[in-house]
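Take the sequence shown: its letters are residues 1 to 265, numbered as in UniProt numbering. Ideal Cβ positions, reconstructed from N, Cα and C, are used throughout, including at glycine. As the structure is a computational prediction, the values presented were derived from the model and not from experiment. Encoded as structure tokens, the structure appears first; notes follow it.
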Amino acid sequence: MQNNHVQLRTVRVMRYVTPLREGGSLPAIAEADDGFLYVLKFRGAGQGVKALIAELIGGEIARALGLKVPEIVFAELDSDFGRTEGDEEIQDLLKASVGLNLALHYLQGAITYDPVVTTIDETLASKIVWLDCLLTNVDRTVRNTNMLMWHQELWLIDHGASLYFHHSWQNWEEQAVRPFAQVKDHVLLPQATRLEETDAAFRAILTPERIQSIVDLVPDEWLAAGAEDIPPAEKRAVYAQFLNTRIASSEIFVKAAVYAGKSLI
Numbered sequence: 001m002q003n004n005h006v007q008l009r010t011v012r013v014m015r016y017v018t019p020l021r022e023g024g025s026l027p028a029i030a031e032a033d034d035g036f037l038y039v040l041k042f043r044g045a046g047q048g049v050k051a052l053i054a055e056l057i058g059g060e061i062a063r064a065l066g067l068k069v070p071e072i073v074f075a076e077l078d079s080d081f082g083r084t085e086g087d088e089e090i091q092d093l094l095k096a097s098v099g100l101n102l103a104l105h106y107l108q109g110a111i112t113y114d115p116v117v118t119t120i121d122e123t124l125a126s127k128i129v130w131l132d133c134l135l136t137n138v139d140r141t142v143r144n145t146n147m148l149m150w151h152q153e154l155w156l157i158d159h160g161a162s163l164y165f166h167h168s169w170q171n172w173e174e175q176a177v178r179p180f181a182q183v184k185d186h187v188l189l190p191q192a193t194r195l196e197e198t199d200a201a202f203r204a205i206l207t208p209e210r211i212q213s214i215v216d217l218v219p220d221e222w223l224a225a226g227a228e229d230i231p232p233a234e235k236r237a238v239y240a241q242f243l244n245t246r247i248a249s250s251e252i253f254v255k256a257a258v259y260a261g262k263s264l265i
């Protein structure tokens, strides 16, 4: 019997350690009140709470599918945090991020996955490609793999560029049944030769109940943010419907991914 109950811990950020100057979002390594280090994703950065929502939903779906993802937690940032920060850009980011943010457990000593150095087996590659087709994750390329090797295992990070339909909220029904064109650039596509069997297994895992339990994790205050005049409850329903529709019609993106893979040969 499936356990669809999902919960996240909440920590309070105690110390800003160092920025991770990747892209324009400026995530940071920070220490929380539980004594652990986290990669902190700020609500005041780049794409704002939409990146945090995509990170949360994408990461927890990956975990539900048995893929390795660092623990995701909610991270509270106090208004007085960062007042002693000398870098004005970082100080502005911290001020804009007071309240509830998102963080991932910091994998000390992990190294960036390099496809030249490490070969991933066909089953695992197929699982990750399937996941990214579902999420429409455009950010798992040779240029930026967003995967880490830690204790000789592959870990997935940074799903903030997923679910890009929510940047416009237009024609989401149509977008839910589209193939994922960017799969052609996926770093693991050449190894993803078991997409059909992966599809059958993952569709059985990602029931509407499980998807709803993950979408329900998104805080109302994140859903209320943004310029769209859409109530939080309606946005939450759209996220669930988008994912359930995409899962139900997964043969569309699976066929496209298989075709893209064959074109690389």
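Within 10 angstroms of its Cβ, does residue i collect 16 or more other Cβ (buried), or is it exposed?
| i | result |
| --- | --- |
| residue 27 | buried |
| residue 246 | buried |
| residue 171 | exposed |
| residue 1 | The predicted position of residue 1 is uncertain, since its pLDDT is 38 and thus under 50; a value taken from the coordinates is nonetheless stated next. It is exposed - the Cβ of residue 1 has fewer than 16 other Cβ atoms within 10 Å. |
| residue 264 | exposed |
| residue 66 | exposed |
| residue 12 | exposed |
| residue 38 | buried |
How long is the line joining the alpha carbons of residue i and residue j, rounded to whole angstroms?
| i | j | result |
| --- | --- | --- |
| residue 169 | residue 118 | 38 angstroms |
| residue 69 | residue 238 | 25 angstroms |
| residue 191 | residue 105 | 28 angstroms |
| residue 148 | residue 107 | 9 angstroms |
| residue 146 | residue 186 | 11 angstroms |
| residue 214 | residue 18 | 30 angstroms |
| residue 15 | residue 164 | 32 angstroms |
| residue 47 | residue 167 | 9 angstroms |
| residue 220 | residue 99 | 13 angstroms |
| residue 227 | residue 241 | 21 angstroms |
| residue 261 | residue 198 | 15 angstroms |
| residue 138 | residue 144 | 10 angstroms |
| residue 90 | residue 127 | 37 angstroms |
Assign residue i to one of three DSSP states: helix, strand, or coil.
| i | result |
| --- | --- |
| residue 27 | coil |
| residue 103 | strand |
| residue 351 | Lying outside 1 to 265, the shown extent of the chain, residue 351 is not represented and no answer is given. |
| residue 234 | helix |
| residue 252 | helix |
| residue 113 | coil |
| residue 15 | strand |
Closest to residue i by C-alpha separation, out of the options, would be which residue?
| i | options | result |
| --- | --- | --- |
| residue 196 | 249, 90, 79, 51 | 249 |
| residue 160 | 51, 194, 44 | 51 |
| residue 31 | 103, 234, 176 | 103 |
| residue 101 | 193, 10, 211, 260 | 10 |
| residue 43 | 92, 142, 156, 153 | 92 |
| residue 255 | 151, 179, 45 | 179 |
| residue 142 | 56, 184, 204 | 184 |
| residue 53 | 235, 261, 253, 251 | 235 |
| residue 40 | 216, 72, 60 | 72 |
When every heavy atom of the ligand PLP is checked, does at least one fall within less than 7 angstroms of the C-beta of residue i?
| i | result |
| --- | --- |
| residue 115 | The ligand PLP is not part of the structure shown, which contains no ligands of any sort. |
Of all Cβ atoms in chain B, is any one closer than 8 angstroms to the Cβ of residue i?
| i | result |
| --- | --- |
| residue 46 | Reference to chain B is not applicable here, since this structure consists of a single protein chain. |
The segment 96-115 touching the segment 124-138, judged by at least three CB pairs closer than 8 angstroms: no
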